[in-house]
Structure formats: structure tokens, C-alpha cells
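S.K.: Just passing along the structure, written as C-alpha cells.
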Amino acid sequence: MPELPEVETVRRGLQPAMEGALVTAVETRRPELRFPLPGNLAEALTGHHIAALGRRAKYLAIELDDATVLVCHLGMSGSFRIEETATEAPGGFYHERSKDVAHDHVILHLRGADGRARRIIYNDPRRFGFMFLTTRADMQSHPHLKDLGIEPTGNALDAEALAQVLHNRKAPLKAALLDQRAIAGLGNIYVCEALWRAGLSPKRAARTLVRADGAPTPRCALLAEAVRTVIADAIAAGGSSLRDYRQADGSLGYFQHTFAVYDREGQPCVRPGCSGTVRRTVQSGRSTFHCTTCQK
DNA sequence: CCTTGAACCTGGGCGC
DNA sequence: TGCGCCCAGGTTCAAG
421 MPELPEVETV RRGLQPAMEG ALVTAVETRR PELRFPLPGN LAEALTGHHI
471 AALGRRAKYL AIELDDATVL VCHLGMSGSF RIEETATEAP GGFYHERSKD
521 VAHDHVILHL RGADGRARRI IYNDPRRFGF MFLTTRADMQ SHPHLKDLGI
571 EPTGNALDAE ALAQVLHNRK APLKAALLDQ RAIAGLGNIY VCEALWRAGL
621 SPKRAARTLV RADGAPTPRC ALLAEAVRTV IADAIAAGGS SLRDYRQADG
671 SLGYFQHTFA VYDREGQPCV RPGCSGTVRR TVQSGRSTFH CTTCQK
């Protein structure tokens, strides 16, 4: 589920409920995620106010008033939801609404800036997600974040920057774009979609978009543009809701309805004038969807 | 350095 | 209905 647009959607959904709120209690119902939760999680958060919600690539950053930062990665199946509560006391008022509560692993009890009590609940069936504590000062150099590449939002990702990270890379474009050290935040869906928008084959060697002197080719500029716009469009749509994934407020993103190739094996290419068919292949162990007729 | 593949986990969908 | 198999938005290791 969560590539950059989904994490940004989660951030925007949580922001009104979390910013300025006081953490009144923290419950850890199952501490074994991809990595164990910090042992001092409750101690580090309880009694502090949440100063801001940030994001870097696919990581959500919950910043506290003492410059502590709780960094969360949603893995493949992680999500947050907000529950309004009549009490802020942990336990006792936990309603078993669905079988899914078995995968509610972390619960932040808050008293919002509006004085209302709420629970922020992290649910993750596959437990590929993880959380760690750092500080504003140390965040950039943290092992999980220090090698992240260009953020595909804003202006940073232009043809020159993309050429720089693809220079001399023999790997196929698909693999190069999935590499978080090059561009940070793309996953399987948006790599497939960006390559279709740029009309480039996922099998093409990354270095073929860069001239010998390191300058970007026209195709490189096309790809940089495609990545920026697919990410911007997906954020504007509230991300993609695959399976039953929902935003923090319970609503569904709708970008999945505009997929050109992802999960569309066998269907006709939607590019005007193209009579090709979307094919599914496997690259580095993951499904690639692309049109062999118009992606070269 | 680069690349690929396995591992981590649960659940849904499909064929039989 | 049930079982077994394949597949799924990601990251991190180990091995070639």
C-alpha cells in the first residue's frame, strides 16, 4: 500500500488530530514489528506535545516538543486510524469492532488541541512496518534515512539531478527507480506508472538516459517530469486504495482508478493511438506492468 | 562497487 | 467447504 503518495495522504489525514496534541498514554499491544519497537517508546512520548508531522520519502515523522522524533514506516500493510474516545484511559474502553483489531500494534492516546480525547491506532497485519526514535538533529544521519535519494516532490527532481543518479548504472530503469538511494519514495506502482507516462521500457538500462559526459538526454528529462507528475497527481487524488486500504479518516484514495498499466495485465494500452496490450513480467522478483508497443 | 534472490509475515484469491 | 499454491504497496541481508 504505502508509497510516498499514500504516506503523504496519511500525514495530511493525521495532522489536524495530532499537531498540538498532548500524548497522555502509549499502548504497545505487539512490539515485534519488522524490528522491535523502542523499549522506551511510552516513556519518550508520554507527557509531551506533538509539535509537527513531517515526512521523508515513505517515512512519517512525528515530532515532539522536546525535539524527539518518532519515525514510522508502514511497510506493506501498515495504516493509521483515528478514533474519537470518551476517555483517555488505556484499556477498558477498547471496542472490538472487527477482526482487524488483532493487528492493532501501537495506540497513542492523545488529548487534542481542542481538548478532545482521541486514539491514534497503528494497524499492520503483515508487520513489515517499523518505528524508531531519533531527534531532529540526528534524523538526517540516522541509518534508515541517511542514504535516501532525491525527494520526487517539489523542484529537486529535474533532468540534471536524475542524470546524476542514473549515470553509469547498468541496472534496468525499473530497478534503478525502485532504489531508494536514487529517488526516495517510489514503489512498484508509481515506478510502473511513471515509466508508462515517459514512454520508456522498464527493461532499458538506466545509463542510456545519460550522455557520456553526464548530461541528461531528452528521455531523461521526460522521465523526471513523469515521476514528478505521477507523484503529484497521486497525492492530489489521496493516494491509491488497493485492497481495503483507507485514509486515516476512513475515506478512500482514488488514484487506482487512473492506473494506466499497474495491475492491468492483458488490457489494452490507454495511450491515444496505441494499439498495444499491457504485459506483466517479473523484474528482480517483482511484477512489472508495461506496454511493449509504446514503451521503448 | 553492482546485482539478484531470499527472508521477514498475514490474508485474499484462485484452482482443484 | 477446504486445502494448497501464488500473489501483494517494502526493506534488509547474504551471496554471487
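Using the working numbering, you'd call the opening residue of the first sequence number 421 and step up by one each time.
Every residue, glycine too, gets a C-beta built ideally from N, C-alpha and C.
1) Out of I470, N543 and L598, which has the shortest C-alpha to C-alpha gap to G705?
2) Do L577 and L629 have their beta-carbon atoms positioned less than 9 Å apart in this structure?
3) What is the C-beta distance between A654 and Y610, in whole angstroms, given that I count them as a contact (C-beta under 8 Å)?
4) Would you tell me roughly how many angstroms separate the C-alpha atoms of T697 and E613, rounded to the nearest one?
5) Throw me the rounded Cβ distance for the H529 and T444 pair, which I believe falls under 8 Å.
6) Look up S661 in the DSSP assignment and say whether it is helix, strand or coil.
7) Quick one: complete alpha helix (DSSP H) runs, 4+ long, within the segment 691–716?
8) Indicate the three-state DSSP secondary structure (helix, strand or coil) for E428 in the structure shown.
9) Quick one: Cα of L715 to Cα of A644, how far?
10) If I measure Cβ to Cβ from R547 and keep anything under 6 Å in the same chain, skipping five residues before and after, which residues do I get?
11) Does the segment 556–576 come close enough to the segment 670–687 that 3 or more CB-CB pairs lie under 8 Å?
12) Taking only three categories from DSSP, how would you classify C492?
M.R.: Reading from the atomic positions:
1) The sequence position of residue 705 within the first sequence is 285, counting from 1. Checking every option, the nearest Cα to that of G705 belongs to L598.
2) Taking the first residue of the first sequence as position 1, residue 629 is located at position 209. Taking the first residue of the first sequence as position 1, residue 577 is located at position 157. Cβ atoms of L629 and L577: not closer than 9 Å.
3) As a position in the first sequence, residue 654 is number 234, starting the count at 1. As a position in the first sequence, residue 610 is number 190, starting the count at 1. At roughly 7 Å, the Cβ-Cβ gap stays under 8 Å, so A654 and Y610 are in contact.
4) Taking the first sequence and counting its residues from 1, one reaches residue 697 at position 277. Taking the first sequence and counting its residues from 1, one reaches residue 613 at position 193. Within the model, the alpha-carbon separation for T697 versus E613 is close to 15 Å.
5) The sequence position of residue 529 within the first sequence is 109, counting from 1. The sequence position of residue 444 within the first sequence is 24, counting from 1. Rounded, the Cβ-Cβ distance is 5 Å, consistent with contact.
6) Position 241 of the first sequence, counting from 1, holds the residue named residue 661. S661 falls in the coil class under three-state DSSP.
7) none
8) As a first step, residue 428 is located in the first sequence; it is residue number 8 there, counting from the start. E428 falls in the helix class under three-state DSSP.
9) Numbered from 1 along the first sequence, position 295 holds the residue referred to as residue 715. Numbered from 1 along the first sequence, position 224 holds the residue referred to as residue 644. A small correction: the amino acid at residue 715 is Gln; Leu does not occupy that position in the sequence shown. For Q715 and A644, the gap between their C-alpha atoms comes out near 16 Å.
10) To locate residue 547, count along the first sequence from 1; it is residue 127. Only L453 meet the Cβ criterion.
11) no
12) For this step, residue 492 is matched to residue 72 along the first sequence. Residue state, collapsed to three classes: strand.
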